[in-house]
Amino acid sequence: MAGGVGSRFWPASRTARPKQFLDILGTGRSLLRLTFERFLKLCPAEHVFVVTNAIYKDLVQEQLPELTDNQVLCEPSRNNTGPCVAYAALKIHGLDPGANLVIAPSDHIILNEAAFVQTLSDALAFSASQDALLTLGIKPSRPDTGYGYIHYEHREVQNEVHRVLRFTEKPPLAQAQAFVASGDYLWNAGIFVWRATTILAAFQKHASEIYQILSEDINCYNTSTEQVFINRRYPATPDISIDYAIMEKADNVFTIPSDFGWSDLGTWASLHSELAKDDDGNAVVGGRAMTYDTHNCLVHLPEGKLAVLRGLEDFIVVDEGDVLLIYPKSQEQDIKKVTQALQQQGESDFL
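Under our numbering, residues 357 to 707 are what the sequence shown spells out, in order.
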């Protein structure tokens with residue numbers, strides 16, 4: 357899934373080139389490219405499909421030249437992950453009715469790829485033989501209020517697989533602390549495993565409007581008329597996440613408690629926590645920084661740029677040429693107010 361705008365990573369992430377297409381980690385490869393290469397350890401390139409907004413088709417093909425046109429699914433509107441998953445499932449089911457699928461965001465990082473591949477291999481083995489909707493759960497390292505939580509049964513169903521009891525979206529701190537202390541909860545990573553037939557049956561049962569709209573011309577998939585149909589009918593689908601549309605309603609949901617160095621990179625602060633830092637806790641991506649009496653800052657610069665910082669504590673510094681952001685890390689949730697103000701003022705060139 358590569359259709360989001362990554363607005364919390366402004367000003368690096370822009371409408372024309374969102375976070376998933378950026379080298380946000382300073383590795384020389386975009387998050388999308390890193391995700392693609394990670395999945396090549398599980399399947400060949402011809403089995404990888406990318407769902408994105410139509411305006412990003414060229415970016416996807418530029419960064420993933422291995423993919424054919426038929427492997428890039430173009431959404432004409434942003435209707436959240438529910439319709440996105442249904443579209444992909446219908447298309448892939450048309451190619452292979454027995455397909456076993458992994459659904460994953462394109463902009464997460466995985467530090468232990470060997471553990472990730474092994475966990476997904478176990479999940480695929482389970483879903484291949486069961487009518488199961490499986491989500492990977494991350495063993496929580498802290499009471500984070502920015503993640504959804506999975507309450508699960510400790511009794512194993514099979515090989516590390518546990519039944520899910522309940523989902524809780526982004527709880528307040530006290531509740532998150534209780535969840536972590538109990539040992540009964542996992543973070544919801546938003547990485548799913550199921551057979552195409554299983555998820556399509558779930559859409560028919562729990563999100564029938566999405567299924568009915570996208571299956572009106574079920575024979576169009578993987579033909580020359582597919583995009584015409586999608587452009588015409590996809591915008592009519594409800595704007596709803598796969599979690600709300602399916603996962604919170606279904607009774608055949610399972611999880612595998614996982615630990616493979618995962619982060620959804622949802623914020624600048626989460627990026628800072630994943631990067632290598634100097635002795636003062638400062639992380640620099642791109643250019644070079646000279647720091648004096650400066651601690652726990654994230655400095656994101658263009659290549660060849662030098663920044664000199666003095667007296668900053670817990671700040672985000674992002675230089676994007678036409679925008680320079682210097683913002684307290686503790687208040688980064690308010691960055692969206694800046695982008696909203698720019699939108700209202702008609703200054704969309706900066707967005």
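Note that the Cβ used here is the ideal one computed from N, Cα and C, for glycine as well.
Quick caveat: nothing in here was measured; it's all calculated off a predicted structure.
The shortest C-alpha to C-alpha distance from A537 to any of V673, K495 and L621 is the one to K495. Under DSSP, no beta-bridge partner is assigned to E676. Of the residues assessed, Q474 falls on the exposed side of the cut-off, its CB having fewer than 16 other CB atoms within 10 angstroms.
For H449, the three-state secondary structure derived from DSSP is helix. A distance below 6 Å between beta-carbons, with the five flanking residues on each side excluded, links L681 to the following residues of its chain, in chain order: P367 and V674. Under a 10 Å Cβ-count criterion, A532 is classified as buried, with 16 or more other Cβ atoms of the shown protein chains found around its own Cβ. Taken atom to atom, the span from the alpha-carbon of D705 to that of G637 is near 33 Å. Under the DSSP assignment, H656 falls in the beta strand (DSSP E) whose first and last residues are L654 to H656.
Annotated three-state conformation of F365 is helix, per DSSP. Between A442 and H449, the CB-CB gap reaches or exceeds 8 Å. With respect to the 8 Å criterion, L457 and R551 are classified as neighbours on the basis of their beta carbons. The three-state secondary structure of S571, taken from DSSP, is coil. With fewer than 16 neighbouring CB atoms inside 10 Å of its own CB, Q514 falls in the exposed class. I596 and G438 do touch by the CB rule: their CB atoms are close to 4 Å apart, below 8 Å.
No Cβ-Cβ contact shorter than 8 Å links G493 with L420. Exclusion of the five residues before and after G643 leaves L657, P658, E659, G660, K661, L662 and A663 as the residues of its chain whose Cβ lies within less than 7 Å of its Cβ.
The alpha carbon of Q689 has as its nearest neighbour, out of D635, W624, V655 and L665, the alpha carbon of W624.
DSSP assignment within the stretch 532–616 yields the following whole alpha helix (DSSP H) runs of 4 residues or more, N-terminal first: 552–562, 564–570 and 582–589. Judged by DSSP secondary structure, L627 falls within the alpha helix (DSSP H) whose first and last residues are W624 to E630. The Cβ-Cβ distance between L627 and L665 does not fall below 8 Å.
Note on the stretch 496–537: there is no whole alpha helix (DSSP H) run with a minimum of 4 residues.
Looking at A639, N652, T501 and S614, the one whose alpha-carbon comes closest to that of N468 is S614. The three-state secondary structure of L429, taken from DSSP, is strand.
Within 10 angstroms of the beta-carbon of N578 lie fewer than 16 other beta-carbons, which makes it exposed. In the structure shown, the three-state DSSP call for V640 is strand. In the structure shown, P421 adopts coil according to DSSP, grouped into three states. Ranking V406, E604 and C440 by CA distance to the CA of D425 puts V406 first. Just measuring C-alpha positions, the residue of A471, Q427 and S497 sitting nearest P400 is Q427. Around the Cβ of Q700, a 10 Å sphere holds fewer than 16 other Cβ atoms; the residue is exposed.
Beyond the five residues adjoining it in sequence on each side, C430 comes within less than 6 Å, by CB distance, of A410 and K413 in the same chain, given in chain order.
In this structure, A632 lies away from T554, with their beta-carbon atoms at least 8 Å apart.
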